[in-house]
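The structure under discussion appears below in the form of structure tokens.
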Amino acid sequence: MVPGLSAVQDQHEVRFHTRLLDAFRGAGGRNVFLLGLVSFFTDVSSEMIYPLLPVFLAALAPAQTALFIGLMDGLAESTSALLKIIAGSLSDRMQNRRLPAIIGYAISTFSRPAMALAGGPLAVVTLRFADRIGKGIRTPGRDALIRESAPPEYRGLAFSFHRAMDHAGAVLGPILALLILMLLTVLSPHGNSANDQEAGSLNSALLFSTGEGAVPVEHLRTVFLIALLPGLFALLALFFVREPRHEKASRHDRNGSLPRSFYGFAFSVFIFTLSNSSDLFLVYLAATRFQASSAALLLLWVGLHITKIVFSLPGGSLSDRLGRRPVIIAGWLVYAAVYAGFAFATEFRFYLLFLFLYGAYYGLTEGAEKAAVADYVSAARSGRAFGIYHAAVGFAALPASLLFGWIWTAFNAETAFLTGALIAVGAAVLLVFVPRPEVAHSHEGP
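The sequence shown begins at 1 in full-length UniProt numbering and counts up one residue at a time.
The structure is reproduced here in structure tokens:
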């Protein structure tokens, strides 16, 4: 080992842990921690259900599954993106962040498990729509709560902690669903023989099996109902979140225009998101290029979320110390390099390497982007700003995946990934020319 290197590493670790502890001191830090728990339990509940919805819809409408999946996510996400703008503005006018968050989380908490009672695909689509409405209502107010609760020098760390908790829930949710399905299969009266139990357990592990011997729809309904419990834990944690104390903002402060530089930042995020297709394409690449089994694909999905957790806190802390813009640009360039790597990865070990580095992109950008939004605007207008930011991401996400899928189908996977990489580089160059905030709230600012 290089002399002194160990001491330097230890010093950095102590400094990071000290910053982490400082970020959670006081009432504001308590809010950040509780909102992280809320996100964790909400994602546990959501991810117990979401991966199973294609199987559930296939059981309810075998001949029209793809149609209803497209209708469900396309309609829900577009509506959610538009609603975030409205909800963000309303939270500014009300000068209340907590109430919209409670309403939004409550709608999602009760609409998701209600899918267990759905008798047809339209009921599932309607309840998924309600779930996304809840997300649209809660998201701007929740992010504004984090912005107002965290000191400016710890905003990146606070938002990254929230995202790390979100990813942790996304890891635990599918695992819990898998374990429950396996337990239900073993206890099922139709699986008494050893062969039946083994086959049923295998089907449960694969989750996406269809046809004869697939997971019984009654078992899926049971999982959906059990998913209510973590949702209730999320609401309980939210109950202890307190509205930060601050002076009442005037109507002029609340209704004033947002800085033009903020819109430049939001536009850069929109352009980048056009390159950011669904992560399911990464899973599909493993299935088609490397013939990965369904069980392996599930492990890859869980592993991806684990890498996001690993990089989240260091990335957010880095943005607090170095500034938002260089960290975000670095993250977008990492994304471009990783997508170019996926285009040419011919061996599975290289695919795994790029998948791990893909988590670094998330760590460098997720917390830093939200902290940048907070740096650009005053507290009185932060709800509207977060609504616009999330809407920019939401409106670009659908055409991004459609474009990527079309290029993959019309040409090949290599062309699709390289196109995404080029768009990401373009967005990074564009962000270089976006002005920093007029009043920076941390070191360099974005």
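Quick reminder that beta carbons are idealized off the backbone N, C-alpha and C, glycines included.
Could you tell me the distance, in whole angstroms, from the CA atom of L318 to the CA atom of F267?
Going from the Cα of L318 to the Cα of F267 covers about 23 Å.
Taking Cβ to Cβ, would you say S312 is nearer than 8 Å to H167?
Yes; because the gap between Cβ atoms is below 8 Å, this pair is in contact.
Can you tell which of E218, A368, P100 has its C-alpha closest to the C-alpha of V269?
Residue A368 is the option with its Cα nearest to V269.
Would a C-beta distance cut-off of 8 Å place F386 and G88 closer than the cut-off?
Yes, they are a contact pair.
Under 8 Å, with one C-beta from each stretch per pair, do the segment 94 to 108 and the segment 129 to 143 reach the 3-pair mark?
The segment 94 to 108 is in contact with the segment 129 to 143.
Are three or more beta carbon pairs between the segment 84 to 101 and the segment 413 to 421 nearer than 8 Å?
The segment 84 to 101, when compared against the segment 413 to 421, does not touch it at the 8 Å Cβ threshold.
So, does the segment 393 to 406 touch the segment 344 to 352, judging by three or more C-beta pairs under 8 Å?
No: the two stretches stay apart, fewer than three of their Cβ pairs being nearer than 8 Å.
Are there 16 or more other CB atoms within 10 angstroms of the CB of L240, so buried, or fewer, so exposed?
Correcting the residue identity first, residue 240 is Phe in this sequence and not Leu. The residue is exposed, with fewer than 16 neighbouring Cβ atoms inside 10 Å.
Could you have a look at F129 and say whether DSSP puts it in helix, strand or coil?
Three-state result, F129: helix.
Let me check understanding here. Comparing Cα to Cα, which of A81, S39, V223, L304 lies closest to M182?
Selected option, being the one with the closest Cα: V223.
How long is the line joining the alpha carbons of M165 and V377, rounded to whole angstroms?
Computed Cα separation, rounded: 25 Å.
For a quick check, are the C-beta atoms of K308 and D143 less than 8 Å apart?
No; because the gap between Cβ atoms is not below 8 Å, this pair is not in contact.
What does a CB cutoff of less than 7 Å around residue 453 pick up in its chain, not counting 5 residues either side in sequence?
Lying before the first or after the last residue shown, residue 453 is absent from the chain, which here runs from 1 to 446.
The alpha helix (DSSP H) with Y154 in it runs from where to where?
Looking at the DSSP string, Y154 is not in any alpha helix (DSSP H), and its letter there is neither H nor E.
Do R384 and L258 have their C-beta atoms within less than 8 Å of each other?
Contact flag set, yes.
Whole angstroms is fine: what's the gap from G331's alpha carbon to A421's?
Those two C-alpha atoms are separated by around 12 Å.
Of all the options G264, L298, I271, which has the alpha carbon lying nearest to the alpha carbon of D279?
Taking only the C-alpha atoms, the option nearest D279 is L298.
Which residue comes first and which comes last in the alpha helix (DSSP H) that contains V373?
Segment 348 to 376, the alpha helix (DSSP H) holding V373.
Per DSSP, what kind of secondary structure is N96 in: helix, strand or coil?
Reduced to three states, the DSSP call for N96 is coil.
Would V32 and F233 be called neighbours here (beta carbons separated by less than 8 Å)?
Not closer than 8 Å, so no.
Which residues mark the beginning and the end of the alpha helix (DSSP H) in which L274 is found?
Unbroken alpha helix (DSSP H) run through L274: 260 to 275.
Are the CB atoms of S277 and F404 within a distance shorter than 8 Å?
Yes.
Taking L47 and G169 to be in contact with their CB atoms under 8 Å, please state how far apart those CB atoms are, rounded to whole angstroms.
Reading off the sequence shown, one finds Glu at residue 47, where the question assumed Leu. Contact flag correct, Cβ pair sits at about 7 Å.
If the criterion is Cβ atoms closer than 8 Å, does the pair A374 and R147 meet it?
Yes, Cβ-Cβ distance for A374 and R147 is below 8 Å.
Would you give the residue range spanned by the alpha helix (DSSP H) that G394 belongs to?
Segment 382 to 410, the alpha helix (DSSP H) holding G394.
Between L235 and the rest of its own chain, which residues show a CB-CB distance below 7 Å, the 5 nearest in sequence each way excluded?
Within the same chain, L235 has close Cβ partners Y105, A106, T109.
Tell me the DSSP secondary structure of D279 in three-state form.
Reduced to three states, the DSSP call for D279 is coil.
Quick one: Cα of A76 to Cα of I86, how far?
C-alpha separation (whole angstroms): 16 Å.
Between P121 and the rest of its own chain, which residues show a CB-CB distance below 6 Å, the 5 nearest in sequence each way excluded?
So the list reads L57, L60, A61, F68, once near-sequence residues are dropped.
Just the Cα atoms here: how many angstroms apart are L179 and E153?
Their Cα atoms are separated by approximately 41 Å.
Applying the criterion that 16 or more other CB atoms from any shown protein chain within 10 Å of the CB defines a buried residue, is F411 buried or exposed?
So F411 ends up on the exposed side.
Comparing C-alpha positions only, which one of A296, G264, V310 sits nearest to V434?
Here the closest residue by C-alpha is G264.
Would you call the CB atoms of A227 and R112 closer than 8 Å?
Cβ distance < 8 Å, so A227 and R112 count as in contact.
Comparing C-alpha positions only, which one of L333, R381, Y361 sits nearest to G426?
The shortest Cα separation from G426 among L333, R381, Y361 belongs to L333.
Nearest-angstrom Cα distance between A101 and F348?
Distance between the alpha carbons of A101 and F348 is about 42 Å.
At the level of alpha carbons, what is the spacing between L225 and A116?
About 6 Å.
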